[in-house]
Amino acid sequence: MGDERYRCKHLVLVASPFQGHMTPMLQLGSVLHAKGFSITIVHTKLNSPDPSNHPEFEFLPLFDNFVAIDASTNFTKFVEVLNENCKLQLQQRIQEANHKKITIIYDNTMYSGEEVARNLNVPSIVLRSCSASYMPAFLALPKLHSEGQLPIQDSMLQKLLIPDLYPLRYKDLPFNNTSTQEITEMLALTNPIRNPSAIIWNTMEFLENSALTKLQQYYKIPIFAIGPLNETARCPTTSFLNEDTSCISWLDKQAPRSVVYVSLGSLATMDKKELTEAAWGLANSKQPFLWVVRPGSVNGSEWIEFLPDGFAEEVEGRGLVLKWVPQKQVLAHFAVGGFWSHCGWNSSLESISQGVPMICWPFLGDQYVNSRYLTYVWLVGLELEHLERRVIATAIRRLMVDDEGKEMRKRANDMKEKAKNSLCNGGSSFNSLNNLVEFILADYNCN
Ligand code: UDP
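When you line the sequence shown up against my numbering, it's residues 6 to 452, in that order.
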């Protein structure tokens with residue numbers, strides 16, 4: 006149980022409207038509330054969390070003037086305007102709430118939280134919900150850009166390793182297919198030196214020790230690696246979309262570790278041709294599958310109108326296609342034996358936490374780096390080279406049936422144990438969380 010003395014200390018958590026950022030922020034809120042802190046979640050109206058799922062938090066909405074996330078065209082611009090639209094209100098809402106002794110913890114995409122903290126003269130901490138291994142690649146972008154290596158030429162993409170960024174290839178770089186103009190904008194936005202007093206990272210030391218050490222040297226402020234938050238937080242659903250729980254009774258009827266679960270997260274999209282290849286790849290693999298196709302994620306259609314003729318008949322009784330599912334529960338289910346994923350960091354952590362090996366098909370941002378580490382360093386996943394039906398069916402058989410997949414499952418289970426241990430008394434994430442609590446309290450006398 007939390008220490009009631011800490012209730013005098015108020016944490017203002019500035020959340021981001023991206024699903025993959027909102028989830029770890031709410032999880033962090035639950036973890037810190039369990040430690041005894043009072044929690045306020047400041048959030049955009051776009052993709053608001055449901056307060057009824059978190060009666061222990063206070064919620065303060067900001068009017069962001071967006072009706073949808075439009076990050077597919079220009080992520081940087083979207084984040085910039087989001088911060089511009091929210092900064093003043095953020096400061097006003099915090100002042101109106103009039104809590105004493107606050108610390109602001111902001112999501113890295115809501116970086117205006119930093120400026121507001123400075124204006125209000127209160128401490129601030131940033132939450133990073135990407136992998137630590139991604140950051141060295143991100144931080145290398147200015148140099149690669151000034152050397153004229155960005156955007157990357159097709160000839161460099163495939164196999165070439167990037168000097169000083171082992172084991173990353175040019176194709177693993179974030180924003181590897183982004184235009185020069187957007188890269189310039191992004192670098193301008195990320196360049197100003199921001200000055201939080203610490204960083205909270207949703208990762209574990211055993212997994213990303215080397216990247217965390219590099220980052221510690223680079224940032225020169227405390228870094229608290231307290232993940233995986235998906236395992237520590239006692240948090241009900243954090244999904245923006247309704248979770249279709251009918252998949253659980255369907256999974257109950259499947260053989261142990263026979264089902265491949267497919268989800269490409271909350272942002273990735275595909276076109277009709279890619280959907281068709283994915284569909285036939287799944288059908289031809291002959292494995293049972295649970296496939297999440299998010300509404301609107303197939304360009305030009307509302308949901309699954311573009312599924313090819315004959316697919317439904319071919320996979321009847323063996324395949325289930327749904328709009329959104331309770332992913333943590335799905336990955337924990339005995340019937341799930343593999344996860345075809347876009348390698349978002351939350352999905353990667355959730356899969357590792359359940360010992361489920363992966364097929365990796367990254368789409369954007371840190372997902373390329375995550376995929377490289379999952380497949381080449383941690384050896385718990387295999388890389389899907391092409392979105393082509395034969396390649397997909399072969400990858401699924403390799404993961405679900407072949408000895409290669411069994412070895413990956415063994416390693417994934419080892420990682421699951423290590424992740425669990427890092428959260429147990431004396432484990433690295435357990436200790437980091439306690440250090441974080443002490444760090445927050447250090448400025449205040451809460452006795
Ligand atoms: N998720 C879910 N149900 C689904 C698909 C995804 O609950 O049907 C959750 C998943 O558990 C994860 C989040 O959505 O916590 C996606 O975050 P991630 O970082 O993996 O990817 P992003 O959506 O940011 O690309």
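Yeah, the Cβ is synthetic: ideal placement off N, Cα and C, and Gly gets one too.
- Is the beta carbon of Val36 less than 7 Å from the beta carbon of Val19? Going by C-beta atoms, Val36 is not nearer than 7 Å to Val19.
- Query: Are the C-beta of Pro201 and some C-beta of chain B separated by less than 7 Å?
  - Reply: No chain B appears in the structure shown, which is made up of a single protein chain.
- Message: If you reduce the DSSP assignment to three classes, tell me which class Ile167 lands in.
- Response: Here Ile167 carries a coil assignment [DSSP, helix/strand/coil].
- Message: On the DSSP letters alone, give me the boundaries of the alpha helix (DSSP H) that Thr28 sits inside.
- Response: Thr28 -> alpha helix (DSSP H) spans Gln24 to Ala39.
- For Glu63 and Ser160, the rounded distance between their alpha carbons: Ser160 and Glu63: Cα-Cα distance of roughly 52 Å.
- From Cys451 to Val17, what does the alpha carbon distance come to, in whole angstroms? In this prediction, Cys451 scores a pLDDT of 47, lower than 50, which makes its location untrustworthy; no coordinate-derived value is stated.
- Message: Using only CA atoms, which one of Leu93, Leu146, Pro367 and Phe180 lies nearest to Ala122?
- Response: Closest by alpha carbon: Leu93.
- Task: Measure the C-alpha to C-alpha separation of His26 and Ser134 and round it to an integer number of angstroms.
- Result: Rounded to the nearest whole angstrom, the CA to CA distance from His26 to Ser134 is 6 Å.
- With C-beta atoms as the reference, is Asn103 less than 7 Å away from Asn90? No, Cβ-Cβ distance for Asn103 and Asn90 is not below 7 Å.
- Query: To which residues of the same chain is Ser356 closer than 7 Å at the C-beta, ignoring the five residues directly before and after it?
  - Reply: Same-chain partners within the cutoff: Leu336, Phe344, Ser346 and Met363.
- Item | Sheet register partners of Cys365 (DSSP bridge) | Paired residue(s): Ser346 and Glu388.
- Task: Return yes when the Cβ of Glu412 is within less than 7 Å of the Cβ of Arg403, no when it is not.
- Result: For Arg403 and Glu412, no; Cβs fall outside 7 Å.
- Query: Nearest-angstrom Cα distance between Met275 and Trp366?
  - Reply: Trp366 has its alpha-carbon roughly 12 Å from the corresponding atom of Met275.
- Message: Along the chain, where does the beta strand (DSSP E) containing Thr49 start, and where does it finish?
- Response: Per DSSP, the unbroken beta strand (DSSP E) holding Thr49 starts and ends at Ser43 to Thr49.
- In angstroms, rounded to a whole number, what distance separates the CA positions of Gly386 and Asp177? Between Gly386 and Asp177, the C-alpha separation is close to 15 Å.
- Among Ala238, Phe80, Gly431 and Ala73, which has the Cα closest to the Cα of Thr189? When Ala238, Phe80, Gly431 and Ala73 are compared, the shortest CA-CA separation from Thr189 is found for Phe80.
- Is it the case that the Cβ atoms of Ser434 and Ile231 are separated by a distance below 7 Å? It is a contact, given that the beta carbons lie within the stated cut-off.
- Task: Starting from the C-beta of Glu210, find all residues in its chain whose C-beta is less than 6 Å away, skip the five residues before and the five after it, and write them out in chain order.
- Result: These residues qualify, in order along the chain: Ala230 and Ser433.
- Query: Taking the C-alpha atoms as reference points, what is the distance between Tyr224 and Met140?
  - Reply: Between the alpha carbons of Tyr224 and Met140 lies a distance of about 11 Å.
- Message: Rounding to the nearest angstrom, what Cα-Cα distance links Asn351 and Asn235 in this structure?
- Response: Distance from the CA atom of Asn351 to the CA atom of Asn235, rounded to whole angstroms, is 8 Å.
- State yes or no: is the C-beta of Ser358 nearer than 6 Å to some heavy atom of the ligand UDP? No - the ligand UDP has no heavy atom lying nearer than 6 Å to the Cβ of Ser358.
- Hey, quick one: how far does the alpha helix (DSSP H) through Asp112 stretch, first residue to last? Segment Ile107 to Asp112 is the beta strand (DSSP E) holding Asp112; no alpha helix (DSSP H) there.
- Beta-carbon separation of Cys240 and Leu392 under 7 Å? For Cys240 and Leu392, no; Cβs fall outside 7 Å.
- Can you give, in chain order, each stretch of the beta strand (DSSP E) that sits fully within the region 173 to 259 and has at least 3 residues? Within the region 173 to 259, the complete beta strand (DSSP E) runs of at least 3 residues are 203 to 206 and 228 to 230.
- Under three-state DSSP, which class holds His104? Assigned with DSSP and collapsed to three states, His104 falls in coil, not helix or strand.
- Kindly indicate the opening and closing residues of the alpha helix (DSSP H) around Glu63. Note, Glu63: premise wrong, no alpha helix (DSSP H); beta strand (DSSP E) at Glu63 to Leu67.
- Task: Taking Tyr381 as part of the alpha helix (DSSP H), name the residues at either end of that continuous run.
- Result: Careful: Tyr381 lies outside any alpha helix (DSSP H) and carries neither H nor E.
- Query: Under the rule that 16 or more other beta-carbon atoms within 10 Å means buried, what is Phe3, buried or exposed?
  - Reply: Coverage of the chain is limited to positions 6 through 452, which leaves residue 3 absent and any answer about it impossible.
- Environment of Lys2 [buried if 16+ CB atoms lie within 10 Å]: Since the displayed the chain opens at 6 and closes at 452, residue 2 lies outside it and no answer follows.
- Message: Whole angstroms are fine: how far does the CA of Ser43 sit from the CA of His272?
- Response: Sequence check: residue 272 is Leu here, not His. One C-alpha to the other measures close to 32 Å.
- Since Val131 sits in a beta bridge, which residues does DSSP pair it with? Beta-bridge pairing links Val131 to Tyr111 and Ile204.
- State the DSSP-derived secondary structure class of Ala286, mapped to helix, strand or coil. The displayed chain sequence assigns Gly, not Ala, to residue 286. The three-state secondary structure of Gly286, taken from DSSP, is helix.
- Query: Beta carbon of Thr28, beta carbon of Thr243: below 7 Å?
  - Reply: The criterion of a C-beta distance shorter than 7 Å is satisfied by Thr28 and Thr243.
- Report yes or no: do three or more beta-carbon pairs, one from the region 256 to 267 and one from the region 289 to 304, lie closer than 8 Å? By the Cβ rule, the region 256 to 267 counts as touching the region 289 to 304, because three or more pairs are nearer than 8 Å.
- In angstroms with no decimal places, state the Cα-to-Cα distance between Asn430 and Glu282. Taking the straight line joining both Cα atoms gives about 47 Å.
- Task: Mind reading off the beta-carbon distance from Leu67 to Leu95? Whole number of angstroms is fine, and I expect it under 8 Å.
- Result: In this structure Leu67 is in contact with Leu95, their Cβ atoms being roughly 6 Å apart against a cut-off of 8 Å.
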